[in-house]
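J.: Heads up: the sequence lines are chains A and B, in that order.
Under this note's numbering, think of the first position of the first sequence as 2, with each following residue one higher.
Under this note's numbering, think of the first position of the second sequence as 2, with each following residue one higher.
We put the beta carbon where it would ideally sit given N, CA and C, even for glycine.
Take a look at the following structure, please.
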Amino acid sequence: MNPILYAFPVFLLTMLGEAWLARRRGLTGYDTADALTSLHSGILSQVSGVFVKLLTFTIYVLAYQKFAVVAWPMNNPALWVVALLLYDLGYYWNHRLNHEVSVMWAAHIVHHSSEYYNLSTALRQSISTGLFGWIFYLPLAVLGVPPAMLAVVGLIDLLYQYWVHTELIGRLGWMERVFVTPSNHRVHHGQNDYCIDKNYGGIFIIWDRIFGTFADERRGEKVVYGVRKPLHSFNPLWANVHYYAELAAKARAERGWRNKLQVWLAPPGGWHGARDPGADDVFDPERFARYDRQTPADVRRYALLHYVSINLMLAHFLVVQAGLTTASRLAYAGIILGSAVAIGALLQRVRWARAFESIRLVTVIVGIVLFPVWFTLATPLLARVAMVLALLYCLTWTLRSLRSPAVAAPAE
Amino acid sequence: MIGNAASDMILALACGWLILAHRNHRPGLALAAMLIGVAATFGVLHYLGADLLAGAHRFASLVSMAAAFPLLAFALRWPQDPVAASPAGAVRAALLLGGVGVGATVLGVAPWAPAVALISALVVELTVFQHPNMRGIAGGTLLALGMAASAWGKSAPFSTVVILHLCLAAALLLLASANNQRTVAGI
């Protein structure tokens, strides 16, 4: 069972609490479209994790069996603390190279693409960051950290990072010196000059202090979140792949295999620090304007409703995926992916949103009608009829409401 | 076992010297020497009786094959490339190559690391014979001899492990100095 499933109700409640508090304090804590993009990215990350983590965890287990110098006993609390420290050190270097190597930045950039900083940003995770991340924990396999211990400390490290993604918590005194906190992690997500490539720690900020990447939050300068070359999209799939596409285009334009290779291996700004074309060379926090498509309120409500349904599908997928064939798993993953992309398109008001959403709804309706057993879930006839009626209503709404230019036309 | 430990010690010392001599100007070469040196150091301890380190020795040797040999090839063939000339470039190449090498090997693609090492050695040989000088040719020959001994695998009449270690130590020193002359001469 995926432990994130258990954590999810906590995530949801705390996000609602944060949004309420931010509103009470008069802050623009949340934007529905941005938050939903984050949550959709989290969903896609969980779906891809089913495929990627199986491979990467298998590599760890095999490396442990083949190379471990000694097997650590699981019942020694001190060793758990050491394992957490070592894991966090591995995380620091993994995270640092996620920012410093183009091909790894392509995977990680999605986490930084939100221009808001709230708990939903923590869930804006990548579908491909795990492709390289496992390399940094191989030394732990050689040292003898058992796979079960690695999985637990990895989960602790991941869950710890959730609460630091908020603007509502100020500085935390002595904790700022040892731990990753909301204050020093805000700096990590900032695009102000002093924030770039700083504060990579997962739980402990001491690694940044040791390796020279620490920066304290400045009192007089508001942190502006996001990346210098903004995403400008609510499509969670594009958020995950856009930088790969950019690198592929750059590599195609280069001559010779070594130059092509260097495009992927170099830092995001290139070896000589030249910025990406289109990125602002001089950054002025005062002139920054957040991406806004002025999504109408009824579209936002529709997107929120469907986010709930996509979430239910995700929960079901995570529960049953182990018993599905690879083809069924891929098909289910495709439905979830298509749903998240369709809702993102509606929020972004792209031209093809109405057609894509209609196709999605028709596909799901046909699926429910033709297959009484929905990926091992046998639904009673009454429930299926209710679902089909609800989806038909959504289809009618999509076809009617989105025809209106005020709703569908792109707000350039 | 003493022979293996002694030859690994010689290899480790050769690598140590290369690291000291080249760490500032040829980071790719220095990192390749460091990876091989770490494997050799684990080897010394392992062959002297620290059985605990057998896994670490195997792991470091695998990383050497998958990452240090390509770094060596880059350092000798393309000394101006960021992988050879920049510490950051060398480290990220080593991480990715080493990681992929370990991953592929444990997943059952056992020929991965030897194939990478072989291709890298061929690049080194090609470089040596395109820009011939005595040290380079001697280094290239010893590298080929060491790899052939390693592939041969039989221990009679001499330990092939010892031959590999000694040939590799001598080859690294000769190739580094030959290539240094070439770089200095601007060839």
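#1: For a contact meaning CB atoms closer than 8 angstroms, what does L266 (chain A) contact in chain B?
#2: Indicate whether at least one CB of chain A lies closer than 8 angstroms to the CB of G50 (chain B).
#3: Nearest-angstrom Cα distance between I366 (chain A) and A323 (chain A)?
#4: Are the beta-carbon atoms of L63 (chain B) and G102 (chain B) separated by less than 8 angstroms?
#5: Is N95 (chain A) near G134 (chain A), with beta carbons less than 8 angstroms apart?
#6: Closer than 7 angstroms, Cβ to Cβ, to anything on chain B: give me those residues from the region 249-263 of chain A, in chain order.
#7: Closer than 7 angstroms, Cβ to Cβ, to anything on chain B: give me those residues from the region 53-74 of chain A, in chain order.
#8: According to the Cβ coordinates, are P76 (chain B) and A33 (chain B) closer than 8 angstroms?
#9: So that I know if they touch, is there some Cβ in chain B lying closer than 8 angstroms to that of S106 (chain A)?
#10: Quick one: Cα of A267 (chain A) to Cα of Y92 (chain A), how far?
#11: What residues of chain B sit near V102 (chain A), judged by a beta carbon separation below 7 angstroms?
#12: Could you tell me the distance, in whole angstroms, from the CA atom of E240 (chain A) to the CA atom of A108 (chain A)?
#13: Can you tell me the Cα-Cα spacing of A95 (chain B) and I37 (chain B), whole angstroms?
#14: Below 6 angstroms CB to CB, which residues in the same chain sit around L37 (chain A) once its five sequence neighbours on both sides are set aside?
#15: Using 10 angstroms around the beta-carbon of T327 (chain A), count the other beta-carbons present and answer buried if the total reaches 16, otherwise exposed.
#16: Mind checking if R27 (chain B) is an interface residue toward chain A, Cβ cutoff 8 angstroms exclusive?
#17: Which value, in whole angstroms, describes the spacing of the CA atoms of H166 (chain A) and V110 (chain B)?
#18: So G257 (chain A) is in the alpha helix (DSSP H); what residue range does that whole segment cover?
#19: Decide if N236 (chain A) is buried, meaning its Cβ has at least 16 other Cβ atoms within 10 Å, or exposed.
#20: Indicate whether at least one CB of chain B lies closer than 8 angstroms to the CB of L151 (chain A).
#21: Would the beta-carbon of A216 (chain A) fall within 8 angstroms of that of K199 (chain A)?
#22: Let's see if you can read the secondary structure: which residues bound the alpha helix (DSSP H) around E287 (chain A)?
#23: What did DSSP end up calling I188 (chain B) once you bin it into helix, strand or coil?
#24: Please report the distance separating the alpha-carbon of L86 (chain A) from that of A152 (chain B).
#25: Along chain A, which residues have their Cβ under 7 angstroms away from the Cβ of L1 (chain B)?
#26: I think W265 (chain A) touches V104 (chain A), with their Cβ atoms under 8 angstroms apart; what is that distance to the nearest whole Å?
T.: The structure says:
#1: Neighbours of L266 (chain A) in chain B, taken as residues whose beta carbon is under 8 angstroms from its own, are P83, V84, G90, R93, A94, L97 in chain order.
#2: No, no contact with chain A.
#3: Near 25 angstroms, if we compare the C-alpha coordinates of A323 (chain A) and I366 (chain A).
#4: G102 (chain B) is positioned such that its CB atom lies closer than 8 angstroms to that of L63 (chain B).
#5: Yes, the Cβ-Cβ distance between N95 (chain A) and G134 (chain A) is below 8 angstroms.
#6: Residues passing the 7 angstroms Cβ filter: R259, Q263.
#7: Along the region 53-74 of chain A, the positions whose C-beta sits under 7 angstroms from a C-beta of chain B are I60, L63, A64, K67, F68, A69, V70, V71, read in chain order.
#8: Reading the sequence as shown, one finds Ala at residue 76 (chain B) and not Pro. A contact, by the Cβ cut-off of 8 angstroms.
#9: Note on identity: in this sequence residue 106 (chain A) is Trp, with Ser being the wrong assignment. No, no contact with chain B.
#10: So the two alpha carbons sit approximately 20 angstroms from each other.
#11: Correct list: R93.
#12: The question names Glu, but residue 240 (chain A) in the sequence shown is Ala. Computed Cα separation, rounded: 10 angstroms.
#13: Distance between the alpha carbons of A95 (chain B) and I37 (chain B): 12 angstroms.
#14: Around L37 (chain A): A304, Y308.
#15: Counting every other CB atom within 10 Å of its CB across the protein chains shown gives T327 (chain A) a total below 16, marking it as exposed.
#16: Residue contact with chain A for R27 (chain B): absent (no Cβ-Cβ distance below 8 angstroms to any residue of chain A).
#17: The alpha-carbon of H166 (chain A) is positioned some 41 angstroms away from that of V110 (chain B).
#18: For G257 (chain A), no alpha helix (DSSP H) encloses it, and the DSSP letter there is neither H nor E.
#19: Burial call: buried.
#20: No, because no Cβ of chain B sits closer than 8 angstroms to the Cβ of L151 (chain A).
#21: Contact: yes.
#22: The continuous stretches of alpha helix (DSSP H) do not include E287 (chain A), and DSSP gives it neither H nor E.
#23: Note that I188 (chain B) scores 44 on pLDDT, short of 50, meaning its location in the model is unreliable; the coordinates nonetheless yield the value given after this. Here I188 (chain B) sits in coil by DSSP.
#24: If I take the Cα positions, the gap works out to 40 angstroms.
#25: Since the first residue of chain B shown is 2 and the last is 188, residue 1 (chain B) is not available in this structure.
#26: Contact check for W265 (chain A) and V104 (chain A): beta-carbon distance about 4 angstroms, within the 8 angstroms limit, so the pair qualifies.
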